[in-house]
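Some notes on the structure that comes next.
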Amino acid sequence: INAEYGDCLWNAMAKALAWLLLASAMVTASPQGNSRQLLCGDEICSVKSFPAANDTGWQSSGAAKGMFCLNQAPLDRETLGHVSWSFLHTTAAYLPTKLTPTKKKAFLDLVHAVDEIYACSLCRDHFQALIREDPIVVRELNAIDSAEDASLWLWKVHNMVTHTQHPNRPLWLKGLNQPEPGVPTMNASALQAGFAPAFTQNSSNQIRLSTLMPRVRAEVYDAILQRWRAAGGRVAVPSMFAPLYPPGNATVEKATTALLKVDSSGPKMKASQCSLMRQELRQLNSSELLSTCPNVKRARAPGSKVPLKVFTMGRCPYCAATMETLWPFLSGEMWSRFDFKNRYVLQQAPGAATSLMDFVSVHGAGEVLADAYELCAQYQYPGGLEWYKFVRCQDETYWAAGYGRNSAKHDPKNCAHGAGIDYANLAKCANGPMALRLLSESVKEVEAANIAGLSLIHISEPTRLLSISYAVFCLKKKKKKKDRTTTRSDICNK
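For the sequence shown, our numbering begins at 1145 and goes up steadily by one.
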């Protein structure tokens, strides 16, 4: 907040408070002195009835243009409401991420003080009815446990007050109108009409903070922080990374994990098995061979690795199964023959990425974080099996990959330790600017590979065979080319 704004608002606030203290001891003895005549008795009046307050509020001209000023006048009802809501929203925006019992009690006491001693009795009565009589609002107030919870509760309650007392005023719906990249923005009037019923007191249609999708919750909280915190928003809050689609219960999770282990339980492939594929290819006539492997006779340079790039998603069950299926083929003698990379199918909002919130993936914001961890593992351990082991560990509970509150065995920290990866460096990468760069590069590779939309799994230029065959892993060495994906001739070489 700049110095001029501070002088305009805070100095005037001090004077205004002094006026209020003086006014509390005065009675309206004479209609003379229009600026001191309280036209509605001892109540705080609106600006239309209170000429002394006409120059308060947002300034549209002069040296203070664009600033909110009190101009040494007693507060009218509207101005008091504005600065009171501003105080509450700002307080919530600066609360600690996790509230201690003491800080939670202090915040709840602050809220309840409004319905006990707020200067405007009319407003006080409205607020009392809301936070004492609406069971959903009361339950959500008592459940506040973090700065995010407090900010979202005030956002909801403020909209409910606006909807009830000023039905023609627009609700504050920033964040709800942030679509995924490529999705048209909802018309502003349609957005207002669509969400108005969600802010009705004592209604079964009332919005419930606990049921907001993590991405929506994060976008709204982000918009709140941009409005009320000097540092702005773009804060990826923990709740947005929570699993969207957990299997359900421990029994189902155990069965799901067991199926993945079956996919990777086969014996590791040996280089000698390539002769079997060569024999199979020799059974084809020339036309069949060229149809299957168009560049089968291309010469190969010795001493180089064949690039094999797989495009998956960090929380995709089919992608987890794919990585498990590839493990016995790639992790043995064949590992040295391939430059194997795993890239991720996701989209990026226009412009340079400044937060994980600038990326969108099919299985929610948590999948973006999972992708960040796995890309960082590959970046820090290129050519090693460590990153592959880390991915496999994450995939055992794929629905919560990347989530710090995942089971003790499969959270990023324990998966890193189990794979021989330095977790401190990995976490620094996944939660910093390097992750944004790696994710942006993955987006570009997805576009370059012409992967339409958000397809689940894509292995770069596979054969025309109906399934992945041993031919994929029986390649003669070829000259390495920068960022070159696998071709049919690579896969099908005799």
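We treat Cβ as the ideally placed atom computed from N, Cα and C, and that holds for glycine.
Fair warning: this is a prediction, and the values are worked out from it, not measured in the lab.
By Cβ distance below 7 Å, which residues in the same chain neighbour residue i in space, the five residues on each side in sequence not counted?
i     : result
A1173 : The pLDDT assigned to A1173 is 31, lower than 50, so where the model puts this residue is not dependable; a value taken from the coordinates is nonetheless given after this. Result list for A1173: empty, nothing under 7 Å.
H1561 : Y1567
L1165 : Annotation note: pLDDT 32 at L1165 (below 50); position unreliable, no value reported.
S1290 : T1241, K1242 and L1243
W1372 : H1233, T1234 and A1237
V1587 : L1490, Q1491 and Q1492
F1339 : L1315, L1317 and L1320
D1627 : With a pLDDT of only 38 at D1627, under the threshold of 50, the placement of this residue in the model should not be trusted; the figure read from the coordinates follows. Cβ neighbours of D1627 beyond the five flanking positions: none.
V1281 : L1274, I1275 and V1301
What residues in its chain sit with their C-beta under 8 Å from that of residue i, if we drop five residues either side in the sequence?
i     : result
S1475 : K1412, L1529 and Y1532
L1285 : L1252, V1255, I1275 and W1297
A1402 : none
W1316 : W1299, H1302, N1303 and T1306
V1535 : M1467, N1486, E1518 and A1521
S1408 : E1468, T1469, W1471, P1472 and R1536
D1259 : R1268, F1271, Q1272, I1275 and R1276
Excluding five sequence neighbours on each side, which residues of the same chain lie with their C-beta closer than 6 Å to the C-beta of residue i?
i     : result
K1553 : none
V1590 : V1489
N1346 : D1278
L1519 : L1582
R1180 : Since pLDDT at R1180 reaches only 37, below the 50 mark, its modelled position is unreliable, and no value is offered.
S1313 : Position check: residue 1313 holds Arg in this sequence, whereas Ser was assumed. If we look at R1313 and ignore the five residues flanking it on each side, its Cβ neighbours are T1306.
P1341 : N1349
L1414 : Note on residue identity: the sequence assigns Lys, not Leu, to residue 1414. Here the set comprises E1477.
L1580 : A1497
According to DSSP, what are the bridge partners of residue i?
i     : result
Y1238 : Answer by DSSP bridge pairing: none, since Y1238 is not bridged.
V1504 : Q1491
F1482 : V1450
Hey, could you find the ends of the alpha helix (DSSP H) residue i is sitting in?
i     : result
V1489 : Careful: V1489 lies outside any alpha helix (DSSP H) and carries neither H nor E.
K1300 : A1291 to Q1309
W1372 : P1358 to W1372
Y1547 : No alpha helix (DSSP H) contains Y1547, which DSSP labels as neither H nor E.
A1386 : Careful: A1386 lies outside any alpha helix (DSSP H) and carries neither H nor E.
S1430 : S1430 to T1436
M1102 : Any property of residue 1102 remains undetermined from this structure, which presents the chain solely from 1145 to 1638.
C1537 : E1530 to D1539
M1578 : P1577 to A1592
I1565 : Run containing I1565: none; DSSP gives neither H nor E here.
K1248 : P1245 to I1261
C1267 : S1265 to E1277
C1520 : A1509 to Q1524
G1338 : A1332 to F1339
A1465 : P1461 to L1474
Just reading off the beta strand (DSSP E) that residue i is part of, what are its end residues?
i     : result
P1451 : V1450 to T1456
Using the Cβ count rule (16 or more neighbours within 10 Å means buried), how would you classify residue i?
i     : result
G1564 : exposed
F1231 : exposed
G1210 : exposed
N1486 : buried
M1357 : exposed
Q1427 : exposed
I1128 : Shown here, the chain extends from 1145 to 1638; a query on residue 1128 therefore has no answer.
R1221 : buried
T1355 : exposed
H1310 : exposed
Q1538 : buried
S1430 : exposed
D1269 : exposed
V1395 : With the sequence shown as reference, residue 1395 is identified as Thr, and Val is not the correct amino acid for it. It counts as exposed.
S1295 : buried
I1261 : exposed
E1432 : exposed
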